Amino acid sequence: MKAIIPVAGAGTKLRPLTYTQPKALIPIAGKTILGVIIDQLIDAGVNEYVFVIGYLGEKIQRYIDKTYPNLKCTFVNQNDRRGTAHAICLTQAAVQNDEVMIVLGDTVCDYNVSEIISSPVSQIGVKKVDDPRKFGVAELNDNDMVVRMVEKPLIPKSNMAMVGIYYIKETAALFEALNQILAGPADENGEYHLTNALQIMVQQGINLHAFRVNNWFDCGKKETLLSTNAILLKQMEDSTPSPRPCNYDETVIIPPVNIAEGCVISHSIIGPNVSIGEHTKIESSIVSDSIIGSYAELQQVVLNSSIIGNDAYVRGLSQSLNIGDNTEIDLG
2 MKAIIPVAGA GTKLRPLTYT QPKALIPIAG KTILGVIIDQ LIDAGVNEYV FVIGYLGEKI
62 QRYIDKTYPN LKCTFVNQND RRGTAHAICL TQAAVQNDEV MIVLGDTVCD YNVSEIISSP
122 VSQIGVKKVD DPRKFGVAEL NDNDMVVRMV EKPLIPKSNM AMVGIYYIKE TAALFEALNQ
182 ILAGPADENG EYHLTNALQI MVQQGINLHA FRVNNWFDCG KKETLLSTNA ILLKQMEDST
242 PSPRPCNYDE TVIIPPVNIA EGCVISHSII GPNVSIGEHT KIESSIVSDS IIGSYAELQQ
302 VVLNSSIIGN DAYVRGLSQS LNIGDNTEID LG
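Under the numbering used here, think of the first position of the sequence shown as 2, with each following residue one higher.
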């Protein structure tokens, strides 16, 4: 079995962060989005991967080579971003007839990978949502078997959104359906959707079972990325409580936080819900509910609900005041 992870997207909703690094490499809870996905699969014994890269793809490849040197990996270029069906179809030569686990590169979910890949039938991950019109939607029967799938329906007949996780045993049928989709017209945005290829498989009588993920973390926008970071930090704190760091000069740490190696922090308050990349320097600052990249430097700032990229420098305004009695000062 092979895992296919498409990571060719430009991540436009997370700009300016994604001008210089792929969305999949945005830091989150001490890892990257891609690192969270790969670690889940490795824990279940998956060790062969096909990555579909495009925008800043060389950074994805360097990250994999450095962080996961023992993985057996193939990198496939998607130079024209024409949707998920196009991305998966490009992996046909690398996959051949092996079973595949497809996980979209911005999909972070809480689910049992081992249980899914040991299933006797193909599986798709779903989650009940309030507004399914923004997602691919699966209509299910009483046994949670898929009877129909539609990409972003105007009038949904189900509130079960597909989260971007697929375990496919009938690989030959999948690629046949993908090639059939690509031979036809694209949607109004010039894209071909994996949902449509899977619908062809359902119409051919192939069984697709829907499993419900426990949590589905949205990493597509700043606000939801920060809330996801907070949730994952809390899960890490509950599962493996780590010793409180005590080597930071006159600094208060309010958990949950994740501080990478090589950081220098002094006269500051850090937390809660803060992830800090490696070799970052923070001085005389208050940081909460934020993600700070590697090799960044913060001085005399108060940050809340913020994302600071790698190698960034932020310095606040220092005040010297001599205030008499019965005075009110508002510094904004």
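For glycine and all other residues, C-beta sits at the position ideal for the given N, C-alpha and C.
Everything numeric in this text was worked out from a predicted model, so none of it was measured.
- Taking the Cα positions, T13 is about 22 Å away from A231.
- Counting the other Cβ atoms within 10 Å of the Cβ of A173 gives fewer than 16, which makes it exposed.
- Taken in chain order, the complete alpha helix (DSSP H) segments of 4 residues or longer contained in the region 158-222 are 172-183, 195-204.
- Within its own chain, the residues whose Cβ lies closer than 7 Å to the Cβ of N208, once the five positions on either side in sequence are excluded, are V122, S123, M146, listed in chain order.
- For G126, the enclosing beta strand (DSSP E) covers residues 123-129.
- Beyond the five residues adjoining it in sequence on each side, A139 comes within less than 7 Å, by CB distance, of I125, V127, V147, M150, S159, M161, M163, A211 in the same chain, given in chain order.
- Excluding residues up to 5 positions away in sequence, nothing lies with its Cβ nearer than 6 Å to the Cβ of I330 in the same chain.
- The beta-carbon distance between S291 and H280, rounded to whole angstroms, is 17 Å. This is too long to meet the 8 Å contact definition.
- Rounded to the nearest whole angstrom, the C-alpha separation of S276 and I260 is 6 Å.
- With fewer than 16 other beta carbons inside 10 angstroms of its own, Y20 counts as exposed.
- Residues V253, I287 of the same chain have their beta carbon placed closer than 6 Å to that of I270, with the five preceding and five following residues left out of the count.
- Beta-bridge partners assigned by DSSP to C74: Y50.
- Under the DSSP assignment, R316 falls outside any alpha helix (DSSP H), being part of the beta strand (DSSP E) whose first and last residues are 314-316.
- When K60, P154, S267 are compared, the shortest CA-CA separation from R134 is found for P154.
- The residues Y193, in chain order, have a CB closer than 6 Å to that of H87 in the same chain once the five nearest residues on each side in sequence are set aside.
- The beta carbon of I255 sits closer than 8 Å to those of I270, I271, G272, P273, S289, all from its chain and outside the five residues before and after it, given in chain order.
- Less than 8 Å divides the Cβ of G106 from the Cβ of V8.
- Residues I5, V51, V53, V77 of the same chain have their beta carbon placed closer than 7 Å to that of T92, with the five preceding and five following residues left out of the count.
- Counting along the chain, the unbroken beta strand (DSSP E) around V8 starts and ends at 3-8.
- The Cβ atoms of V315 and L332 do not sit closer than 8 Å to each other.
- With a 10 Å radius around the Cβ and a threshold of 16 neighbouring Cβ atoms, T225 comes out exposed.
- Counting along the chain, the unbroken beta strand (DSSP E) around I292 starts and ends at 291-293.
- If the five residues before and after K32 are omitted, its C-beta is found closer than 8 Å to the C-beta atoms of D40, all from its own chain and listed in chain order.
- P17 counts as exposed, since fewer than 16 other C-beta atoms from the protein chains shown sit within 10 angstroms of its C-beta.
- Closest in alpha carbon position to I293, among N305, G310, V303, L322, is G310.
- Checking the DSSP bridge columns, you'll see G272 has no partner listed.
- R63 counts as exposed, since fewer than 16 other C-beta atoms from the protein chains shown sit within 10 angstroms of its C-beta.
- In this structure, E152 is the residue among K67, S285, E152 with its C-alpha nearest to the C-alpha of I201.
- Taking C-beta atoms under 8 Å as the contact rule, V96 and K3 qualify, at a distance of about 6 Å.
- Nearest Cα to F136 within the set L195, T328, K223: L195.
- In the DSSP assignment, E284 is bridged to S267, Q300.
- Comparing C-alpha distances from S306 to each of G325, S228, D250, G317 shows the shortest one belongs to S228.
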